[in-house]
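S.K.: Respectively, the protein sequence lines represent chains V and S. Everything in the first sequence is counted per this note's numbering, starting at 5 for the first residue and increasing by one. Everything in the second sequence is counted per this note's numbering, starting at 140 for the first residue and increasing by one. Just so you know, even glycine gets a beta-carbon here, dropped at the ideal spot from N, CA and C. Only a predicted model underlies this, so the values are computations on that prediction, with no experimental measurement involved. Please see the structure below; I have some questions.
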Amino acid sequence: MISVNLLINFAAGCPGGGLLGFPTWYKYLPPMYVDGICSPQLNSLSAVWLIAAAIIEILLRVAALVAVAFVIYGGFQLITSQGDPNKTAQARSTIINALVGLAVAILSGVIIGFIAGRIS
Amino acid sequence: MRSLKYKLLVATGFFILLFSAQGIPAVSAAATRDTCGKKSLEVSTAIDIGCKGRGNPIADASFAIIRFLSYGVGLVVVGSIIVGGIQYSSSRGDPQATARAIERIRSTLIALIIFIFAFPILNYLIPAGFLK
């Protein structure tokens, strides 16, 4: 799709520190150096989509973290279920839902490419 | 839900920001093109909104904004599906929460399909190749 082209054009942004492996929001903005200091350029409306692309990357990391956290939570539920079938079923569905949600988030790009590619 | 008044206020602010050439310090000197409309009619804008310099400024600016919005559809849809995935992950096996996540993903896909068919439908309705 078009958004992919935008990403390729401006692949190199300002170097900057991430936080806990999260990319920076200005990752895809075209850099401009003034006196050796890099500042991301924000002079056109389409810069909004470059920021959106970086935010989507951040969201993907968040999705992975949430999924891991809920798999751990489900495991904890399973440990503390004491063999109660209701509680084990609850714990199992927690774990399965966490993994399904992670799969949906990771595959979202592929799903969109598939639908848009088939129709248009 | 935000009220209609709030949305109108935000939209008005957005347009004032876009179309006021003076009053905003230039973020960068290297703007590609920040005028709308063809040579004799051109109107300058504060930032580059992607005008192609054809016809009257209003139509040019509207097409620029339509182009801008349609570039972002893919990104917004992917983002919304990822949010749906996060909702699904954090549902803890609660069927209602799962249903909400599935509802979000389904609505997003319906929106994508509506967007894909928007151009053919409008092309069919609006006469004389206005959308060229």
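Kindly provide the ranges of any beta strand (DSSP E) runs that are 3 or more residues long and lie completely inside the stretch 25-81 of chain V, ordered along the chain.
M.R.: Runs of the beta strand (DSSP E) inside the stretch 25-81 of chain V: 35-38, 41-44.
S.K.: How would you label S:Q235, buried or exposed, when you count the other beta carbons within 10 angstroms and need 16 or more for buried?
M.R.: Looking at its Cβ environment, which holds fewer than 16 other Cβ atoms inside 10 Å, S:Q235 is exposed.
S.K.: Is the shortest distance between the beta-carbon of V:A58 and the beta-carbons of chain S less than 8 Å?
M.R.: It does not: the Cβ of V:A58 has no partner Cβ on chain S nearer than 8 Å.
S.K.: What residue range does the alpha helix (DSSP H) around S:R239 cover?
M.R.: Residues 234-264.
S.K.: Work out the CA separation of S:V216 and V:T28 for me, nearest whole Å.
M.R.: Distance between the alpha carbons of V:T28 and S:V216: 21 Å.
S.K.: Would you please verify whether the beta carbon of S:S201 is less than 8 Å from any beta carbon of chain V?
M.R.: By this cut-off, S:S201 is not an interface position.
S.K.: For S:S183, list the residues DSSP reports as bridge partners.
M.R.: DSSP lists S:T174 as partners of S:S183.
S.K.: Between the C-alpha atoms of S:I253 and V:Y32, what's the straight-line distance to the nearest angstrom?
M.R.: Going by the C-alpha atoms only, they are around 29 Å apart.
S.K.: Closest to V:V104 by C-alpha separation, out of S:L214, S:S246, S:Q226, S:A250, would be which residue?
M.R.: Closest option to V:V104, Cα to Cα, is S:Q226.
S.K.: Quick one: what's got a C-beta closer than 8 Å to V:A67's C-beta in the same chain, skipping five residues either side?
M.R.: Around V:A67: G105, L106, A109, I110.
S.K.: Need the endpoints of the alpha helix (DSSP H) that S:I225 sits in, please.
M.R.: Per DSSP, S:I225 belongs to the alpha helix (DSSP H) from 196-228.
S.K.: If V:A95 sits next to V:G78, beta carbons under 8 Å apart, how far is it from one beta carbon to the other, in whole angstroms?
M.R.: Between V:G78 and V:A95 the Cβ distance is about 5 Å, and since that is below 8 Å, they are a contact.
S.K.: Compute the Euclidean distance between the alpha carbons of V:A102 and S:R206, then round it to the nearest angstrom.
M.R.: Computed Cα separation, rounded: 37 Å.
S.K.: Around the Cβ of V:S97, are there at least 16 other Cβ atoms within 10 angstroms (buried) or fewer (exposed)?
M.R.: When all chains shown are included, V:S97 counts as buried.
S.K.: Along chain V, which residues have their Cβ under 7 Å away from the Cβ of S:T237?
M.R.: Within 7 Å Cβ-Cβ: N101.
S.K.: Check whether the Cβ of S:I197 sits closer than 7 Å to any heavy atom of the ligand ADP, and report yes or no.
M.R.: Among the components modelled here there is no ligand, and therefore nothing to report on the ligand ADP.
S.K.: Buried or exposed: where does S:I265 fall if 16 or more other Cβ atoms within 10 Å of its Cβ makes it buried?
M.R.: S:I265 should be labelled exposed.
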